[in-house]
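Protein chains in written order, with the working numbering: chain L, 1004 to 1117; chain S, 343 to 453. Don't be surprised by glycine CBs; every beta carbon is placed ideally from N, CA and C. A quick note: this is a predicted structure, and the numbers were derived from the prediction, not measured.
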């Protein structure tokens, strides 16, 4: 069974440019999460979806970050414009509904903003 | 505020020895904890969980101990192997109604 798939794995951009990350969760997983992980730190939740509804986006910097999960399956996370401090690994995870502890993570998208 | 954190950023052990990774939490109402392992360049991977009605749970070569009195939990890895080298996170799924990770402990296994 395929795990959570993310792309791109690596992205290098200049500040003020836009960037987008894509995530395909495990089939049948209703809940999808985007986390940001800074170097040497634990992942921090940005947004959580139940199907296509964002149920927790309190940590998402809404001035420059946006996310969508239009059909309740794949999701995209966008940053526009990117800032130097956005350099991090962006992790996508999915889980079955109600299993908010056992998350399955993708390998992440490493963003470097120059 | 509520937090989940670890005592040491790095733990170095000899291959074959046992490893103990510690974690403290601050929310007395927390009733479920999870340990994740994150290898270099990969996302975190679920290892083992424990509910507050237990004080010990064993898996394959791993044991988690929970001490609710002092709000402390630990992950013990028996006969540590090179493949155990990773960063280990304790996480609380219910801190702020979301999975909250601590800062992580890097386990380094010396051959």
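inquiry  = Tell me whether the segment 415-424 of chain S and the segment 354-365 of chain S touch, counting them as touching only if at least three CB pairs, one residue from each stretch, are closer than 8 Å.
reply    = yes
Per DSSP, cross-strand counterpart(s) of residue 1082(L) = Reading the first chain from its first residue, position 79 is the one you call residue 1082(L). Looking at the DSSP assignment, residue 1082(L) forms a beta bridge with 1022(L), 1068(L).
message = Quick check: what's the CA-CA separation for residue 1059(L) versus residue 1049(L)?
response = Position 56 of the first chain holds residue 1059(L). Position 46 of the first chain holds residue 1049(L). Each residue's Cα considered, the two are about 8 Å apart.
query = Taking Cβ-Cβ distances shorter than 8 Å, what residues in chain L pair up with residue 441(S)?
reply = Start at 1 with the first residue of the second chain, and residue 441(S) comes out as number 99. Chain L residues near residue 441(S): 1036, 1048, 1103, 1104, 1106.
request  = Taking residue 376(S) as the query, report the chain L residues whose CB atoms sit under 9 Å from its CB, ordered along the chain.
outcome  = Counting from 1 along the second chain, the entry for residue 376(S) is found at position 34. In chain order: 1104, 1105, 1106.
query = In chain order, what residues of the same chain have a beta carbon less than 7 Å from the beta carbon of residue 1038(L), not counting five sequence neighbours either side?
reply = Residue mapping note: residue 1038(L) aligns to position 35 of the first chain, counting from 1. Within the same chain, residue 1038(L) has close Cβ partners 1046, 1047, 1048, 1049, 1094, 1096.
request  = Under 8 Å between beta-carbons, which chain S residues line up against residue 1110(L)? List them in chain order, please.
outcome  = Residue 1110(L) sits at position 107 when you count from the first residue of the first chain. Per Cβ cutoff of 8 Å: 383, 384, 385.
query = Who are the neighbours of residue 1099(L) on chain S, taking C-beta pairs under 7 Å?
reply = Position 96 of the first chain holds residue 1099(L). The premise fails here: residue 1099(L) is roughly 12 Å from chain S at the closest Cβ pair, so nothing lies under 7 Å.
key: Euclidean distance between Cα positions of residue 395(S) and residue 449(S)   = Translated into the one-based positions of the second chain, residue 395(S) becomes position 53. Translated into the one-based positions of the second chain, residue 449(S) becomes position 107. If I take the Cα positions, the gap works out to 28 Å.
Cβ-based neighbour list, residue 1010(L), same chain, cut-off 6 Å, excluding 5 preceding and 5 following = The sequence position of residue 1010(L) within the first chain is 7, counting from 1. Excluding sequence neighbours, residue 1010(L) sits near 1025.
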